[in-house]
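This report refers to the structure that appears directly beneath it.
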Amino acid sequence: METDGSDGERPQSGGAGRMEIIFYEDKNFSGKHFECSSDCADLLSKLSRCSSIKVRSGCFMIYEKPNYTGNQYYLKRGEYPDFHHWTGANDSVSSCRCIPTESGPFDMRLYERIEFGGQVMDLMDDCPSVMDRFHRNDIFSCNVKKGNWLFYEHPNYRGRMYLIRPGEYKRFSEWGGRSARVGSIRRITDY
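Numbering-wise, the working numbering comes out as the position in the sequence shown, counting from 1, plus 6.
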């Protein structure tokens, strides 16, 4: 049994206490497993695949490919007996990142052009439809001042998702987006 996924990387931060996620090679929490309480850039060095997951505490973003790349999936405390339960297309999970949660306030500035150009749109709460609120679907850059957020490809928190942490994103490719299309935005507040 593996016990700690730190492999020298950034430990969990924030005030939520210890975070813990367990990856299992087989469905329904069976087979070889790996317990992790920090960011892990390469889960494939610990397990050959990931077919089920338990999140004991905290929130995590899991990634399809190593080094926090590929499709992203947000997981909060709970059990995921197979990849369908985290809306994955297959059992390809190759890295994970702890997400510190906050109770607020949240603050993000969205821009209609790259490098913070064009119209400015401020956001401090969840937005189930970017089109309904801002009359546009494309967000080309953003500046996250407070909080961790999720961008979703479609309205009502559906489709591909992207973790947006505090900092500046000069273009959509910096948050891993394949295009500037953002359908909805949600704050990460769950424990």
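Backbone N, C-alpha and C fix where the C-beta goes; we use that ideal spot for every residue, glycine too.
| Item | Value |
| --- | --- |
| What's the call for residue 24, buried or exposed, on a 16-neighbour Cβ count within 10 Å? | exposed |
| Rounded C-beta distance between residue 97 and residue 166? I'm assuming under 8 Å. | With 8 Å as the limit, residue 97 and residue 166 do not qualify as a contact, their Cβ atoms being about 18 Å apart. |
| So, at 8 Å on beta carbons, what are the nonlocal neighbours of residue 62 in its own chain, with the 5 sequence-adjacent residues on each side left out? | 26, 27, 28, 83 |
| Could you tell me the boundaries of the alpha helix (DSSP H) in which residue 231 lies? | With the chain represented from 7 up to 197, any question about residue 231 goes unanswered, as that position is not in the structure. |
| Any chance you could list the alpha helix (DSSP H) runs of at least 4 consecutive residues sitting entirely within the stretch 110 to 165, in chain order? | 136 to 140 |
| Is DSSP giving residue 31 helix, strand or coil here? | strand |
| If we count the other Cβ atoms within 10 Å of its Cβ and call it buried at 16 or more, is residue 39 buried or exposed? | buried |
| For residue 1, is the classification buried or exposed, using 16 other Cβ atoms within 10 angstroms of its Cβ as the cut-off for buried? | The structure shown does not extend to residue 1, since the chain is modelled only from 7 through 197, so no value can be given for it. |
| Could you tell me whether the stretch 137 to 147 touches the stretch 173 to 193, using the rule of 3 or more Cβ pairs below 8 Å? | yes |
| Using C-beta distances below 7 Å, list every residue in its chain close to residue 104, excluding the 5 sequence neighbours before and after it, in chain order. | 18, 25, 44, 45, 64, 66 |
| Rounded to whole angstroms, what's the CA-CA distance from residue 49 to residue 169? Just pull it up for me. | 19 Å |
| Let me know the secondary structure DSSP gives residue 108 once reduced to three states. | coil |
| Which two residues bound the contiguous beta strand (DSSP E) that contains residue 25? | That residue, residue 25, is in no beta strand (DSSP E); it is neither H nor E in DSSP. |
| Classify residue 78: buried if its beta carbon has 16 or more other beta carbons within 10 angstroms, exposed otherwise. | buried |
| How long is the line joining the alpha carbons of residue 129 and residue 80, rounded to whole angstroms? | 21 Å |
| Given a cut-off of 9 Å, decide if residue 161 and residue 137 are closer than it, judged by their beta-carbon atoms. | yes |
| Check whether the Cβ atoms of residue 89 and residue 60 lie closer than 9 Å to each other. | no |
| Pull up the DSSP beta-bridge partners for residue 194, would you. | BP columns for residue 194 are empty, so no partner. |
| Helix or strand or just coil, what does DSSP make of residue 49? | helix |
| I need the straight-line Cα distance from residue 150 to residue 131, nearest angstrom please. | 12 Å |
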